[in-house]
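Visitor:
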Amino acid sequence: MAGFKKILLEGDAQSTTLLNVGADSLLTIATGAVTATQTYHSIAGEGGAADQLDSIASGADGDLLILRPSSDTVNITVAHNQAAASGNNILLNGNTNYLMDDIDDTITLIYDVGLDTSGAWIELSRGVGDVATLSASAPADVGTAASAGSGTAASKDDHVHDTATGFIDNVNKFASGVVDAAAIASNAVAASEIDETATDIAFSQIILTAKTSGTGTTAGTIYYDSDDSHPYVYQI
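Mapping the sequence shown onto full-length UniProt numbering, position 6 (from 1) lands on 6, and the numbers just tick up by one.
1) Determine the contact status of Ala79 and Gln38, defining contact as a CB-CB distance below 7 Å.
2) How would you write the range of the beta strand (DSSP E) that Ile103 sits in, first residue to last?
3) Just tell me which of Leu67, Ser15 and Leu8 has its CA closest to the CA of Gln36.
4) Tell me which same chain residues have a C-beta within less than 7 Å of the C-beta of Leu87, skipping the five on either side of it?
5) Between Thr96 and the rest of its own chain, which residues show a CB-CB distance below 7 Å, the 5 nearest in sequence each way excluded?
6) In terms of residue numbering, what span does the beta strand (DSSP E) encompassing Glu123 cover?
7) Round the Cβ separation of Leu26 and Ser70 to the nearest angstrom and send it over; I've been treating them as touching at under 8 Å.
8) Taking 6 Å as the cut-off, does the CB of Ile103 come closer than this to any heavy atom belonging to the ligand NAD?
9) Quick check for students: name the residue ranges of the beta strand (DSSP E) that lie wholly in the segment 42 to 105, counting only runs of 3 or more.
10) Would you identify the three-state DSSP class for Leu8, choosing helix, strand or coil?
11) Looking at the structure shown, is Thr117 part of a helix, part of a strand, or coil, going by DSSP?
12) Determine the DSSP secondary structure at Val34, reduced to helix, strand or coil.
13) Please identify the residue among Asp61, Leu65, Ala85 and Thr17 whose C-alpha is closest to the C-alpha of Asp24.
14) Measure the Cβ-Cβ separation of Asp63 and Tyr111 and say whether it is below 7 Å.
15) Here's the rule I'm using: 16 or more other beta-carbon atoms within 10 Å means buried, otherwise exposed. How should Gly45 be labelled?
16) Hey, could you find the ends of the beta strand (DSSP E) Ser15 is sitting in?
17) In angstroms, rounded to a whole number, what distance separates the CA positions of Ser15 and Asp116?
18) With DSSP as the reference, please indicate the residues paired to Thr28 in a beta bridge.
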């Protein structure tokens with residue numbers, strides 16, 4: 001008997017060669033729809049123009065369907081959920097449409113009668129589609145030693161310290177209320193820098209004069225006794 005016949009299996013099927021679904025058959029979209037007649041179809045747009053596929057008729061539970069565009073020059077968009085509860089609906093991964101803009105773009109669907117009220121085609125896989133290509137150009141506006149905020153190489157000119165409240169900036173770092181350069185250079189701290197503040201002063205920051213005859217007799221005076229090498233505060 002010529003032609004192919006349906007074979008019903010009660011167990012697993014195994015093939016020792018390639019599984020052949022036959023050559024593709026062309027379907028042309030009409031008002032967003034096509035009718036599948038076999039496993040593998042190429043899809044053309046209505047009137048030869050780019051088109052959108054919203055529904056596929058003639059699905060039976062468990063049917064597999066492979067689709068691709070019929071041309072490199074005509075884009076076919078397989079659309080998600082445009083024919084709800086019709087029995088011909090298409091449900092795609094991520095709830096997103098799939099643009100097929102090359103003849104080798106493909107999408108594979110399976111029909112599930114238990115979905116979308118009356119059954120629907122659901123996506124098994126799709127081609128990669130468009131891939132973004134990263135530019136090899138160097139970043140712009142990073143800054144150079146000659147000009148901050150421009151060029152393609154970072155420089156010290158682009159490093160800026162915060163000058164808001166609580167930070168010391170170049171303009172105010174020697175202002176009243178902070179340690180001045182003279183105090184640092186002389187190894188001492190001026191009174192204006194510690195007046196009415198709770199300040200811990202390291203021993204090396206205070207210059208003590210050794211006690212001599214007649215000194216260190218005023219209450220609160222700090223003096224250095226060379227006999228036992230300790231500073232003392234004189235008390236009355």
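Note that the Cβ used here is the ideal one computed from N, Cα and C, for glycine as well.
Guide: Let's see:
1) no
2) Unbroken run through Ile103: none, as it is neither H nor E.
3) Residue identity differs from the one stated: residue 36 is Ala in this sequence, not Gln. Minimum Cα distance to Ala36 is reached at Leu67.
4) The residue asked about is misnamed: residue 87 is Gly in this sequence, not Leu. Counting only Cβ-Cβ distances below 7 Å, and skipping sequence neighbours, we find Ser118 and Gly119.
5) His80
6) Ala120 to Arg126
7) 6 Å
8) Inclusion of the ligand NAD in the displayed structure is not the case, the ligand content being empty and no account of it being possible.
9) 51 to 53, 55 to 57, 64 to 69, 76 to 78, 89 to 91 and 98 to 100
10) coil
11) coil
12) strand
13) Leu65
14) yes
15) buried
16) That residue, Ser15, is in no beta strand (DSSP E); it is neither H nor E in DSSP.
17) 33 Å
18) Ala44
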